[in-house]
Structure formats: structure tokens, C-alpha cells
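Student: Next up is a structure, given as C-alpha cells.
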Amino acid sequence: VNLGGWMVLEPWITPSLFYQFLGKGEGTSAMDMHSFCTVLGPEEGNKQLRRHWKTWVTEEIIEQLKDSGAVNSLRLPVGDWMYKPYGPYPGCTDGALDFVDDVLDWAYSNGLSVLIDIHAMKGSQNGFDNSGQCSGFKWTSILNNANNNDRTFEHWPIRSASWVGSFNGTDATYSDINYDNIQHSLEVIEGIVQRYKNHPAVLGIQPINEPWQYTPSDVLKKFYWDGYLIVKKHAPYWKYIMHDSFRLDTKLWGGFMKGCPDRALDTHIYQAWMDPSSRETFYNDACEKKKLIIEMEDAFGPVIVGEWSLATDNCAMWLNGFNDNLSGFPRLPCKYIPCADPYMGFDQPGTPVDPGKSIQGPYGTGMSTPNFGLCPVDRDWQKETKEDSGKDWMKAPPKAPHGKDATDEVMTNLAKKKISAF
Numbered sequence: 017v018n019l020g021g022w023m024v025l026e027p028w029i030t031p032s033l034f035y036q037f038l039g040k041g042e043g044t045s046a047m048d049m050h051s052f053c054t055v056l057g058p059e060e061g062n063k064q065l066r067r068h069w070k071t072w073v074t075e076e077i078i079e080q081l082k083d084s085g086a087v088n089s090l091r092l093p094v095g096d097w098m099y100k101p102y103g104p105y106p107g108c109t110d111g112a113l114d115f116v117d118d119v120l121d122w123a124y125s126n127g128l129s130v131l132i133d134i135h136a137m138k139g140s141q142n143g144f145d146n147s148g149q150c151s152g153f154k155w156t157s158i159l160n161n162a163n164n165n166d167r168t169f170e171h172w173p174i175r176s177a178s179w180v181g182s183f184n185g186t187d188a189t190y191s192d193i194n195y196d197n198i199q200h201s202l203e204v205i206e207g208i209v210q211r212y213k214n215h216p217a218v219l220g221i222q223p224i225n226e227p228w229q230y231t232p233s234d235v236l237k238k239f240y241w242d243g244y245l246i247v248k249k250h251a252p253y254w255k256y257i258m259h260d261s262f263r264l265d266t267k268l269w270g271g272f273m274k275g276c277p278d279r280a281l282d283t284h285i286y287q288a289w290m291d292p293s294s295r296e297t298f299y300n301d302a303c304e305k306k307k308l309i310i311e312m313e314d315a316f317g318p319v320i321v322g323e324w325s326l327a328t329d330n331c332a333m334w335l336n337g338f339n340d341n342l343s344g345f346p347r348l349p350c351k352y353i354p355c356a357d358p359y360m361g362f363d364q365p366g367t368p369v370d371p372g373k374s375i376q377g378p379y380g381t382g383m384s385t386p387n388f389g390l391c392p393v394d395r396d397w398q399k400e401t402k403e404d405s406g407k408d409w410m411k412a413p414p415k416a417p418h419g420k421d422a423t424d425e426v427m428t429n430l431a432k433k434k435i436s437a438f
């Protein structure tokens, strides 16, 4: 189970932290961890983060995961800045490691292991907010102020990732490699290993999360090798989990690090970006992943699915970024429900969401945002009127009428098929 959104903020996971930036603009709006600390500054940023850290992951939650009987390990996303601070992070993220120490102790006392996942890297390894910084970003308000003086920005069409070097968006290649960033990351790995090498709860480390598919494979493989040697020197029993760079390809990974112990490949499997279709299509897609995983295990070795979900649409608010969306998403109208109260309490600025206000900027290239106190969530699956159709839910309202909701049935079946495949 991933403890997502805790140490590395993602607006879609913890929107309560980002409601305060609705209606703001350049220099006053935050969309990721980097801009959160930049806009709020070290004092206010740290105050809000500490309130978040205390309430988002608690000892009670760890105990509940253990008591479920279904969970035996935790994947803990962390930011590289926690171990080698830079940019806006000094002061803003002070105290984070104390909370990590608590979770490791709670995990150990509950018989759970912990995979430390370096989720965010200096310069961004994929351009997503989950890397700590939405890389490839510009404000476009000056071109959109004719009607309502709207504040607008662009991200997805110009997304970039500078961790590994200078990216050329024209041909999706790197013109140079940033060896300073890579060395910084290796030093972060060293720091993590030295800090936790004797902690009995630690299962191992993931040296980088989701380096995007344009990362030069030779550079990434060398980084993986160098990180592995650091880990094995100081923590010889740790597992070493490498993300597939969105390329679950036997030609790329087959035979890599052959014979090395304790290594595994991590792949992330989501269906939220698929086109709308019948439940059988989603079931079959889930089952087909087993074949891909088996092929990779034959060519490389152990494979884990480090992230997955049951989402079958793109409706979760801010899934594709704060007040933004990928072009063409969501594919179908979303269901709206009252926005949740803040988990950390009403001292959090910007909460609760104002039910008297319609959508507020700043606006990206797509739409996903609260509207009159309502937030978008996944559509309901509907009971089918024809056994051979399977697509009634696509034409029905996002919220199923009374007695017509089949969401639990579809999600249960889908979960069984995914767990079987993975």
C-alpha cells in the first residue's frame, strides 16, 4: 500500500492543502511541492505541512492496515530534498524526517515492512506534480485577459523533465546530460541508506519513481547500477526496486543486471486513461497484464506492480494537475459530490470550499475544479439492461438512479482480476 501524498504533495490526493490557491495567480498559486514551499515560504509552509503530516498518516492508520489482514508492506514516497535540501525546501520541510522515523517504528511494531521510494527528484524526472515540480510550465494570462481578467497557464502541451538534462520538446530528446543532478540523486541514496540501514522495518529502496519514457535508457541504466552498488555496500540485504520508465519492454530490460540478488522491476498499471468501454473490456485488459508480467519475469526477473487503482475514468479532481487536465479528458461527464471537509481541521486556509462560488482560476488547458462546493469524482457504473451491451453506463447520467448502481459489483470483480494478474 502506498502512503501517497504525505511527504510528496499531489493536489489530487490532498486537495484540502491546495484549496487556498483557488482564485490566485502568478506568484500566489501553488500546484506542487516546489511551488507550495515557494509561495508560502518556510514558516507558513512548514506550519501547514506539520499539520498535514500529523493527520494524513497516523499510528492508528498503520494499525488498521495491519489489522486488515490484506497488507504486509508499505511503499513510502519521499522527496530528495528531505535528505539534501535545496531551493525552497530548507525550513519549509523541516521535521519531515522525524515523521518518517515514526512511521518506520509504527510499521515495525505492526509487522509491516517499508519500501522507501524516492518519488521526487531535483529538476523533475517526468514533469508531473508527483515529481515535486510541474516542469515545463508557463503563465499565459496576458493572452486571456480580455473578458474576465482570467489567470491562465499552460503545462501539458509543453511538459518537460530536467532531472537528467536539457529536454528538447521538438524531437523528445536530450541535448545534454545533467551529471550534477544525477550525482545529487546518488548522494541522496547514500544518505537514505546510511540513515536507515539498521532499521528492521526497511525492505529496501526505489532509487527513482517514474522517470519518464524519454529518459535516455543508457543514462538511466547506469544510474540504476550506481545506486545498486551504493545500497549493496551498506545494506546488503535491502531489496532494490527499479521503475520501468513507462517501458515494460523485454528488449529494454531483459537480462539487465542478470545474476544480481535482491533486484526487481516496478511497473505501474492504471486504466483511468483508457477510452470508455464496457466492463468486460476493463476486465479483459486487467487479465491481459498477467501475460506481460510473465514475459518480463522470464526475461528480467521479479516484477512488482508498485502502483495501481480501480479507477476506470479520469474524473478524480486534479488527477492531471491542479485546476488542469489533459487535452480530451475526462472522456465522459463526471459525477459531482460535496467537497470533503479538510482532514487536518478547519484551521487550514481555504477550507471549507465556498459553496457560493463557481469555478475559480487559475485555469490550465483542461478543466477539473470545485464548482459551488461540489467536486468531481468517478462516474457510477450502471446495471445493464442488455447482457450483451455493457455500455449503458456510458450513456447514462454520471450518478446512477436509485436501484441502478452497479459500481460495487464492477469494482469488486475488477479488483479480483487485477490482483490475480499482478
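Convert by adding 16 to the 1-based position in the sequence shown; the result is the number in the numbering used here. By construction, the Cβ of each residue, glycine as well, lies at the ideal position given by its N, Cα and C atoms. Quick caveat: nothing in here was measured; it's all calculated off a predicted structure.
So residue 222 is in the beta strand (DSSP E); what residue range does that whole segment cover?
Tutor: 218-222
Student: Is residue 209 closer than 8 Å to residue 171 when the C-beta atoms are compared?
Tutor: no
Student: Tell me whether residue 303 sits in a helix, a strand or coil according to DSSP, three-state version.
Tutor: In the structure shown, residue 303 adopts helical secondary structure according to DSSP, grouped into three states.
Student: Would you call the segment 327-336 and the segment 276-296 in contact, with 3 or more CB pairs under 8 Å?
Tutor: Short answer: they touch.
Student: Given a cut-off of 8 Å on the beta-carbon distance, is the pair residue 134 and residue 193 in contact?
Tutor: no
Student: Can you find at least 3 beta carbon pairs, one from the segment 314-324 and one from the segment 333-344, that sit closer than 8 Å?
Tutor: no
Student: Rounded to whole angstroms, what's the CA-CA distance from residue 19 to residue 92? Just pull it up for me.
Tutor: Going from the Cα of residue 19 to the Cα of residue 92 covers about 5 Å.
Student: From this set, 286, 264 and 288, which residue's C-alpha is nearest residue 280's C-alpha?
Tutor: 264
Student: If you drop the 5 nearest sequence neighbours on each side, which residues of the same chain put their C-beta closer than 7 Å to that of residue 47?
Tutor: Short of 7 Å from the beta carbon of residue 47, and not among the five residues preceding or following it, lie these beta carbons of its own chain, in chain order: 27, 145, 150, 337 and 338.
Student: Taking contact to mean at least 3 C-beta pairs separated by less than 8 Å, is the segment 33-44 in contact with the segment 361-377?
Tutor: yes
Student: For residue 91, write down the residues that DSSP places opposite it in a beta bridge.
Tutor: 18 and 131
Student: Would you grab the beta carbon distance between residue 406 and residue 296 for me? Rounded to a whole angstrom, and I think it's under 8 Å.
Tutor: 5 Å
Student: Exposed or buried, what is residue 436 when buried is set at 16 or more other beta-carbons lying within 10 Å of its beta-carbon?
Tutor: exposed
Student: Looking at the unbroken beta strand (DSSP E) that takes in residue 324, where does it start and where does it end?
Tutor: 319-324
Student: Excluding the 5 residues flanking residue 7 on each side, which residues of the same chain have their C-beta closer than 8 Å to its C-beta?
Tutor: For residue 7 there is no data in the structure shown, the boundaries of the chain being 17 and 438.
Student: Check whether the Cβ atoms of residue 113 and residue 98 lie closer than 8 Å to each other.
Tutor: yes
Student: Of all the options 377, 354, 380 and 378, which has the alpha carbon lying nearest to the alpha carbon of residue 369?
Tutor: 354
Student: Start and end of the beta strand (DSSP E) containing residue 393?
Tutor: 390-393
Student: At which residue ranges does the segment 246-274 contain complete beta strand (DSSP E) runs of 3 or more residues, listed in the order of the chain?
Tutor: 255-259
Student: Identify the continuous alpha helix (DSSP H) that holds residue 280 and give its terminal residues.
Tutor: Where residue 280 is concerned, there is no enclosing alpha helix (DSSP H), although the beta strand (DSSP E) it sits in stretches over 279-285.
Student: State the beta-bridge partners of residue 155 as determined by DSSP.
Tutor: 169
Student: With contact counted as at least three CB pairs below 8 Å, one residue from each stretch, are the segment 269-284 and the segment 407-426 in contact?
Tutor: no
Student: Check the DSSP bridge columns for residue 183 and list the partner residues they point to.
Tutor: 190
Student: Give the single residue among 195, 426 and 378 whose Cα lies nearest to the Cα of residue 164.
Tutor: 378
Student: With 16 other CB atoms within 10 Å as the buried threshold, where does residue 391 fall?
Tutor: buried
Student: Would you call residue 394 buried or exposed, if buried means 16 or more other Cβ atoms sit within 10 Å of its Cβ?
Tutor: Residue 394 counts as buried, since at least 16 other C-beta atoms from the protein chains shown sit within 10 angstroms of its C-beta.
Student: Flag residue 350 as yes if its beta-carbon sits less than 8 Å from any beta-carbon of chain B, otherwise no.
Tutor: Any reference to chain B falls outside this structure, which holds one protein chain only.
Student: What residue from 76, 105, 304 and 266 has the CA that sits closest to residue 317's CA?
Tutor: Checking every option, the nearest Cα to that of residue 317 belongs to 266.
Student: Kindly indicate which residue of 197, 56, 309 and 433 has the alpha-carbon position closest to the one of residue 108.
Tutor: 56
Student: Select from 356, 301 and 308 the residue whose C-alpha is nearest the C-alpha of residue 432.
Tutor: 301
Student: Could you pull out every residue in the same chain whose Cβ sits closer than 7 Å to the Cβ of residue 102, ignoring the five residues on either side in sequence?
Tutor: 138
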